[in-house]
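Data block below; observations after.
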């Protein structure tokens, strides 16, 4: 039995479990989605030019000097 056959067998078992326990799986997925959605208010994205470079990066140091 090679690795490909083992992986396919595990996916087959997973799909059988999901099919047999569809309500439990849907409730579980719903709980996970709600938990992640509750944390979205804490999510921040820094798209500034300085945010892409580390503070000790030579390009950022030169950029900061240029801005001054």
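Residue numbers (our numbering): 1 to 68. Each residue gets a CB set at the ideal place from its N, CA and C atoms; glycine is no exception.
Residue i (DSSP reduced to helix, strand or coil)
i: residue 43; result: coil
i: residue 55; result: coil
i: residue 68; result: coil
C-beta contact flag for residue i and residue j at 8 Å
i: residue 25; j: residue 18; result: yes
Opening and closing residue of the alpha helix (DSSP H) in which residue i lies
i: residue 50; result: First-last for residue 50: undefined, no H or E at that position.
i: residue 38; result: 22 to 38
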